[in-house]
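Heads up, the thing below is written out as structure tokens.
There are 4 protein chains.
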Amino acid sequence: MSASKTKPIRWGMVGGGRGSQIGYIHHSAALRDSTFELVAGAFDIDPERGRAFGVDLGLDEARSYPEYAAMFAAEAERPDGIEAVSVATPNNTHFAICKAALEHGLHVVCEKPLCFTVSEAQELKALSQARHKIVGVTYGYAGHQMIEQARAMVKNGDLGEIRIVNLQFAHGFHSAPVEDQNPSTRWRVDPTTAGPSYVLGDVGTHPLYISEVILPHLTIKRLMCARQSFVKSRAPLEDNAVTLMEYDNGAIATVWSSAVNAGSMHGQKVRIVGEKASIEWWDERPNQLSYEVQGEPARILERGMGYLYPEARIDDRIGGGHPEGLFEAWANLYRRFGFAINKEHGLAPDGIEGLAFPGIDAGLEGVRWVENCVRSADAGGVWVDYL
Amino acid sequence: MSASKTKPIRWGMVGGGRGSQIGYIHHSAALRDSTFELVAGAFDIDPERGRAFGVDLGLDEARSYPEYAAMFAAEAERPDGIEAVSVATPNNTHFAICKAALEHGLHVVCEKPLCFTVSEAQELKALSQARHKIVGVTYGYAGHQMIEQARAMVKNGDLGEIRIVNLQFAHGFHSAPVEDQNPSTRWRVDPTTAGPSYVLGDVGTHPLYISEVILPHLTIKRLMCARQSFVKSRAPLEDNAVTLMEYDNGAIATVWSSAVNAGSMHGQKVRIVGEKASIEWWDERPNQLSYEVQGEPARILERGMGYLYPEARIDDRIGGGHPEGLFEAWANLYRRFGFAINKEHGLAPDGIEGLAFPGIDAGLEGVRWVENCVRSADAGGVWVDYL
Amino acid sequence: MSASKTKPIRWGMVGGGRGSQIGYIHHSAALRDSTFELVAGAFDIDPERGRAFGVDLGLDEARSYPEYAAMFAAEAERPDGIEAVSVATPNNTHFAICKAALEHGLHVVCEKPLCFTVSEAQELKALSQARHKIVGVTYGYAGHQMIEQARAMVKNGDLGEIRIVNLQFAHGFHSAPVEDQNPSTRWRVDPTTAGPSYVLGDVGTHPLYISEVILPHLTIKRLMCARQSFVKSRAPLEDNAVTLMEYDNGAIATVWSSAVNAGSMHGQKVRIVGEKASIEWWDERPNQLSYEVQGEPARILERGMGYLYPEARIDDRIGGGHPEGLFEAWANLYRRFGFAINKEHGLAPDGIEGLAFPGIDAGLEGVRWVENCVRSADAGGVWVDYL
Amino acid sequence: MSASKTKPIRWGMVGGGRGSQIGYIHHSAALRDSTFELVAGAFDIDPERGRAFGVDLGLDEARSYPEYAAMFAAEAERPDGIEAVSVATPNNTHFAICKAALEHGLHVVCEKPLCFTVSEAQELKALSQARHKIVGVTYGYAGHQMIEQARAMVKNGDLGEIRIVNLQFAHGFHSAPVEDQNPSTRWRVDPTTAGPSYVLGDVGTHPLYISEVILPHLTIKRLMCARQSFVKSRAPLEDNAVTLMEYDNGAIATVWSSAVNAGSMHGQKVRIVGEKASIEWWDERPNQLSYEVQGEPARILERGMGYLYPEARIDDRIGGGHPEGLFEAWANLYRRFGFAINKEHGLAPDGIEGLAFPGIDAGLEGVRWVENCVRSADAGGVWVDYL
Ligand SMILES: NC(=O)c1ccc[n+]([C@@H]2O[C@H](COP(=O)([O-])OP(=O)(O)OC[C@H]3O[C@@H](n4cnc5c(N)ncnc54)[C@H](O)[C@@H]3O)[C@@H](O)[C@H]2O)c1
Ligand SMILES: NC(=O)c1ccc[n+]([C@@H]2O[C@H](COP(=O)([O-])OP(=O)(O)OC[C@H]3O[C@@H](n4cnc5c(N)ncnc54)[C@H](O)[C@@H]3O)[C@@H](O)[C@H]2O)c1
Ligand SMILES: NC(=O)c1ccc[n+]([C@@H]2O[C@H](COP(=O)([O-])OP(=O)(O)OC[C@H]3O[C@@H](n4cnc5c(N)ncnc54)[C@H](O)[C@@H]3O)[C@@H](O)[C@H]2O)c1
Ligand SMILES: NC(=O)c1ccc[n+]([C@@H]2O[C@H](COP(=O)([O-])OP(=O)(O)OC[C@H]3O[C@@H](n4cnc5c(N)ncnc54)[C@H](O)[C@@H]3O)[C@@H](O)[C@H]2O)c1
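Chains as they are written, first to last, in full-length UniProt numbering: chain A, 1 to 387; chain B, 1 to 387; chain C, 1 to 387; chain D, 1 to 387.
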């Protein structure tokens, strides 16, 4: 990876404060390779804790704001104000914060799920288009280089026509009602803060987005979904769900979303079966991709190697054999967000232009998928046309 | 494993002739440990080829019959005639051959699927009860020792209440229309010889039976099934199918049956998720069982070790560390068939009495499951009550 | 695998009685596929227990002998007397029993180590040649089909010139002084019964023989060995040893032999590194062979598949995907012993002639290797020329 | 991981310029979490290329120096001059650059091997002590959290007395003479630039240092080493080496160092065998540690989990299940370097004080080990007392 030549983008954060699950990886990824520069933040629902956290991160005290509206207003007044903001707060706040950010002329990187409904997502999309602002959504796993390899393989016909897609993100960390002790879990199982689903939106949308990256030519025609609340107090939100989908080309997909897959760590896996070969990827071994041609020995493809497609090598930082992890995947995405923003600003983005970029449409599709799943599940697990 | 003390049971075979897929493992397993003794056979649809094959196997030429009806009749006349017969012919012949065998007073070991319809299976069941004859069905993988371990673990509450059951048997050997060249595949994709399904019955019933062994206390309430013929000429028979099932306790199951999972070898896997822990077993590594307690490191249980439940050690032939394979699994089943037969004969079966035994009910349940899956699939993949 | 056409060879056993570690696999492997037929035995150091065991195995009571000398004498008198005998007793008895067997005109299958010294082995070799009798040695793992694949790959130049050979058989079952309770371990750590070494001979010779099979063109020039008795009461016998070897072509090898590799199951692994590629085999996953060409994705070769070399498919019983285990490996060796014997008898052995066959020279080489290792170790771990 | 409260340390780099193998990870790790701040550099042997690279990294042009001596001199004059420097140049320059840096009052982070001889290393050690400066050495893999877990397990007696240590770093990237095309390889196989060894120093010292971290209580008594130049033009430098070592407690170790292990990726593995249990770690799966208690199922310990020892959780950035990679390992080390420097400066280092820190002694021990190995190898692979 070569050093970037553009100036870092002035950037702020909403949420992701001390003790939050996902805050650290946002700034770690954004600052990596100096794509962004952290200059402001409203990190916490507790203003004082948020302010102190920002100062610890090295922020100017005045720019460690008590809440996001104040930040957007104040920064808009500054000549050196933020150009972009990331939103890493609980789900119920995403829509309002993103909307306010766009209205203040900011590019936005928002956590998934982008919002609660397709119509909200469409409103954000319209706004972003009107304002010529980028909206990125942090489907972070998609930044792994082997996902680009998978995409290139499908595109180049290495698998033949696609037949079967098996997706899962099924961990076990919430097998017991841990929400009683853990606030990061508590809001996830409450519809007012989490939205219409728990695991479908929280974990299922990750491999779903990866499937969109690898299989851009396929369209979901109909799906059915069964969801369960094995910890009963979580109802109506599900802690486990199985979704079946039919694509327009006749391919079939399953998606297993779970937080009660006891003893499993991440459990995010993607298997794509074509008429000639299959590929399989597992996010706990993200540097490998299994490539299985029918009638030949299975091959283990390794990140960083010369035999990969060029798209899969662009983000290489360290060569093959050295394991890269989730932080590099996120940093890759943030680089793509940065390049997209710089392009809007008329700067020449180079090199990584073709790489998968989870923008506003990826955010919208995730919300749409959850909406369809919930509609099916709440009707008793029936097939519904994909709307 | 201690040496057996009972005399070998006089035994014959129908089908499983030279070049057949599954014939070798039948006699290899039956003769292992001298449970059975091969004294007669009607091995082939081609009488002459069958006769020659029997002679090569060491049979008396006169008892290597041109066809099964002749065998049943002639053997019934002999004082040293066969007591039991195994049926390893294409599916469409099972019902007639089993029926004839029972009517001739023989114990039967039949290949799966036992027959085409539940009512046929019930007829065989009634006949076997009336004649006091054993009917065994060769769900061979269930003979692996780690399946007994899994069963004991569930029974002893190591997993807690069961929540999720993931079953699959999804190989890739028939990704292309190999039936054009291969007669063993050809009859499988033709409803007149294969019956109402291809992969559901051919492979899906294997992990289904394993789930019955491990989870005897669960009852399927309803299911839905989507089936596809990715090689179009196979329609109406499917080469891929996904089944969802709901159990009476609220648990959910998925079953993936496939012959077009390109590049996969066997692909038979069973994962059982409980509220406390999960277990996972893979038939290509049959000596291991993954045991994953939420919040603890995953454990790899190994066949033959002292820490297993006693049920899992009864069939140990060689101790831990030495891999046993499919032949031992089948030999274990044939030992159980033998003990069951000896018990009917008033001989004292010892030691292995509690071990899983795929009898007439297992055969019937497999046929019932296929029938329900097909009913759902043919109605468009809708939920159907399990009948 | 096709049915054999020759008559079973009349066969007896010495040792391998009830409760012995290795007795079961000998008769299971010999009887498999009717290569041999068990007609006599002297199974136990305890005459009465041995007699009862033979009867349980179905022997004529008169031919279940109290001790081997009586058996050899009596069988030699019978027109239907045994033609071959297997020896599965503790090490210190092998030489005398094999010698007596050969002198009685019997073919012999002997357990490793064949005897205690090279000069004893040479005496047995001379005797076997003089009498035109086969001596087979049960390096059982070498019967796995993937070992034939490895051999063919080296022969065909797939690896290029060989550079590095890493061998290990390092289990952990004797980490503690279990010999206090376990007679099968007790004799192994006593030089009067075990011979000049424990783990070198007991486990190390297994991968050593496999390396001889795969690399017939390499000759050991010199070696050095360090051995340890971590359980002190085992001294002078070692429970762990590391051997370094130099081959005539400049390649280097390491051999790790251990019974105190705590927590390891078998731990038998063979890695062969050539200038172009490496292969790696692990006896706990015997159906796979890793093939790693430098600069290409690693490939997992699977037993039973069409892409293997023909030599690797001869012994296939069940096709790819179905795991075969140690019992098939042993049965393959016994088939080769049987064919070799039949060939001596003027019968036409077909098909498997080129396959690796651990005969008298393999037995002798194992003894030689141990002798060299011990000579080095006892001189303080110095390099010694390979004699 | 909590946000740091100390100000970033002003930091420069020597070497690690555009296209270098290891430059990127140095600044990526140092800048991570704002432990350091890059303010100067002399990145390249080619002054102009180095200058341009520094500017691309965002440096003030004036502080992107043409060579290190100029940098040390100029920065020493500035009130905001660098406080610390990292050295990522070919081996032959380390001694001179480190010496000059220390003489200019800088803390140093140096690449391994620290220098060519023990006496050079001792000179650097004396200088660093006289100047009260930290010298860190980037044995980067040691920063993985599971290494701390391994260390804590040994310390807490989970393995019992240590018996066997198996170390390897054996990749295959230089199986062919790639140095003809690749300058990063070329200097490695030339003694004037690489020093007295190639793979011993280049890769073998990595797992050696890890063993020192995990087993601080063991002392090497004697060793022997055989080294080979499989690509002949590399002689006298080796591209493969096997080292045997005896510790003062009677334990035995092997170290396999290689660049010609064809088809292997990293191949860095550490296995520690105790009387009760073994642990095994592999740098390509750095988030896992296998823990194998004799007589119990093997356990897979996972990074980030609550059951680990506290030392293994201090550096957790993202929780269990999310894979961390080599960049986090290096960032952890750089944090420790930073805290050590801050401590010298009288600032209170907290939290991570007990964690393994590869300082001047680690650097010296690596050089000493290579010296002993070479002495043994050049004497024909004899045992030498460890000096
Ligand atoms: N992309 C991923 O892989 C991934 C992983 C985890 C979480 N997430 C998403 O990230 C978001 C945050 O999840 P989390 O697990 O970090 O939650 P969390 O509960 O651990 O942390 C939420 C943080 O947001 C702060 N916050 C809440 N409301 C705020 C407000 N109005 N203004 C400013 N700060 C506010 C809280 O103080 C806290 O610091 C969620 O939308 C979640 O779905 C994504
Ligand atoms: N349990 C398992 O794991 C497993 C695996 C494979 C096959 N099977 C089942 O075994 C049965 C046989 O399958 P296969 O793959 O071996 O088929 P195959 O086509 O390879 O062999 C069928 C054999 O039956 C013989 N045959 C056919 N009709 C006959 C008749 N009327 N009388 C005597 N012999 C006759 C044929 O000559 C041939 O030898 C099927 O029901 C199949 O579902 C089970
Ligand atoms: N090839 C392999 O993989 C393998 C594996 C295990 C053992 N072995 C070898 O097999 C041999 C036996 O080992 P084991 O572990 O089965 O030993 P064991 O102690 O478990 O059994 C030895 C058997 O030999 C019988 N015996 C002893 N002396 C006898 C005599 N004079 N006459 C008749 N029977 C006698 C004993 O009664 C007992 O049944 C050893 O040489 C050992 O090295 C080989
Ligand atoms: N810790 C590790 O895991 C690890 C991994 C790889 C390399 N290394 C070590 O890092 C060092 C560098 O190795 P590399 O593979 O990056 O080498 P490289 O040849 O790829 O790069 C060397 C860099 O140093 C620059 N350089 C050379 N002489 C210089 C000088 N006098 N002043 C300034 N810059 C100079 C070169 O221009 C080049 O940018 C070596 O000592 C090597 O052993 C360590």
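All C-beta atoms in this analysis are idealised placements derived from N, C-alpha and C, irrespective of residue type, glycine included. Quantities reported herein were computed from a predicted structural model and do not represent experimental measurements.
Any chance the region 242 to 259 of chain D sits against the region 147 to 165 of chain D, with 3 or more Cβ pairs inside 8 Å? yes
Mind checking which residues open and close the beta strand (DSSP E) that includes Y307 (chain A)? Where Y307 (chain A) is concerned, there is no enclosing beta strand (DSSP E), given that its DSSP letter is neither H nor E.
Could you give the residue range of the beta strand (DSSP E) that holds T93 (chain A)? Annotation: T93 (chain A) is outside any beta strand (DSSP E) and is labelled neither H nor E by DSSP.
Determine the burial state of Q129 (chain D): buried for a count of at least 16 other Cβ atoms within 10 Å of its Cβ, exposed for fewer. exposed
Quick check on the DSSP output: what are the complete beta strand (DSSP E) runs of length 3 or more inside the region 24 to 72 of chain C, in order along the chain? 36 to 42
Ordered along the chain, which non-local residues of its own chain (more than five positions away) have a Cβ less than 7 Å from that of R299 (chain B)? Y291
Please report whether the beta-carbon of A3 (chain B) lies at a distance below 8 Å from any beta-carbon of chain D. Here A3 (chain B) scores only 49 on pLDDT, less than 50, and its place in the model should not be relied on; the value that follows carries that caveat. Chain D, which has no Cβ nearer than 8 Å to the Cβ of A3 (chain B), makes this no.
Taking only the alpha-carbon atoms, compute the straight-line gap between E371 (chain B) and D239 (chain A) and give it to the nearest angstrom. Looking at the backbone, the Cα of E371 (chain B) and that of D239 (chain A) are separated by about 31 Å.
How would you label D180 (chain D), buried or exposed, when you count the other beta carbons within 10 angstroms and need 16 or more for buried? exposed
Under 8 Å, Cβ to Cβ, is there at least one residue of chain A near G381 (chain B)? yes
Please determine whether the Cβ atom of I82 (chain B) lies at a distance below 7 Å from any heavy atom of ligand 2. no
Step through the CB atoms of chain A and report whether any lies within less than 8 Å of the CB of R299 (chain C). yes
At a CB-CB cut-off below 8 Å, which residues of chain B make contact with E324 (chain D)? Per Cβ cutoff of 8 Å: no residues; E324 (chain D) is ~17 Å from chain B at best.
In whole angstroms, give me the CA-to-CA distance for A235 (chain A) and S229 (chain A). Cα-Cα distance, rounded: 6 Å.
Using a Cβ-Cβ distance cut-off of 8 Å, determine whether N240 (chain D) contacts chain C. yes
Three-state secondary structure assigned by DSSP to D385 (chain A): The answer is strand: DSSP assigns D385 (chain A) an E or B state.
Determine, for E296 (chain D), whether the minimum Cβ-Cβ distance to residues of chain B falls below 8 Å. Using a CB distance cut-off of 8 Å, E296 (chain D) counts as an interface residue toward chain B.
For A379 (chain A), three-class secondary structure by DSSP: coil
Please report whether the beta-carbon of D385 (chain C) lies at a distance below 8 Å from any beta-carbon of chain D. no
Chain B within 8 Å of G306 (chain D), Cβ atoms only: yes
Any C-beta of chain B sitting closer than 8 Å to the C-beta of S257 (chain C)? no
If I follow the unbroken alpha helix (DSSP H) through I352 (chain C), where does it start and stop? Boundaries for I352 (chain C): no alpha helix (DSSP H) harbours it, and the DSSP string shows neither H nor E there.
Tell me whether S20 (chain D) counts as near ligand 4, meaning its Cβ is closer than 7 Å to at least one heavy atom of that ligand. Checking every heavy atom of ligand 4 against the Cβ of S20 (chain D), one is found closer than 7 Å.
Considering only heavy atoms of ligand 2, does any lie closer than 7 Å to the CB of N91 (chain B)? yes
Return no unless some Cβ of chain D is closer than 8 Å to the Cβ of residue 389 (chain C). Nothing in the structure corresponds to residue 389 (chain C), since chain C is present only between 1 and 387.
Are the C-beta of Q228 (chain C) and some C-beta of chain D separated by less than 8 Å? yes
Using 8 Å as the Cβ pair cut-off and three pairs as the minimum, do the region 305 to 325 of chain D and the region 66 to 79 of chain D touch? no
Distance cutoff 8 Å, beta carbons only. Does G267 (chain D) sit that close to anything in chain C? Among the residues facing chain C, G267 (chain D) is not included, as its CB has no counterpart in that chain under 8 Å away.
Using a Cβ-Cβ distance cut-off of 8 Å, determine whether R186 (chain C) contacts chain E. Of the protein chains in the structure, A, B, C and D, none is chain E.
Coarse secondary structure for A3 (chain A), derived from DSSP in three states: Confidence in A3 (chain A) is poor, its pLDDT being 49 and thus under 50, which makes the residue's placement unreliable; the coordinate value appears in the next sentence. Looking at A3 (chain A) - three-state DSSP - the assignment turns out to be coil, as it is neither helix nor strand.
Whole-number beta carbon distance between V270 (chain D) and P207 (chain D), since they are thought to touch under 8 Å: 5 Å
Spell out a yes or no on whether the region 84 to 96 of chain A and the region 113 to 132 of chain A are touching, meaning 3 or more CB-CB pairs, one atom from each, closer than 8 Å. yes
From this set, D:R335, D:L355, D:I360, D:G359, which residue's C-alpha is nearest I9 (chain D)'s C-alpha? The candidate whose alpha carbon is nearest that of I9 (chain D) is D:R335.
Secondary structure, beta strand (DSSP E): runs of 3+ residues fully inside the region 79 to 166 of chain B: Listed in chain order, the complete beta strand (DSSP E) runs (minimum 3 residues) inside the region 79 to 166 of chain B are 84 to 88, 107 to 110, 135 to 137.
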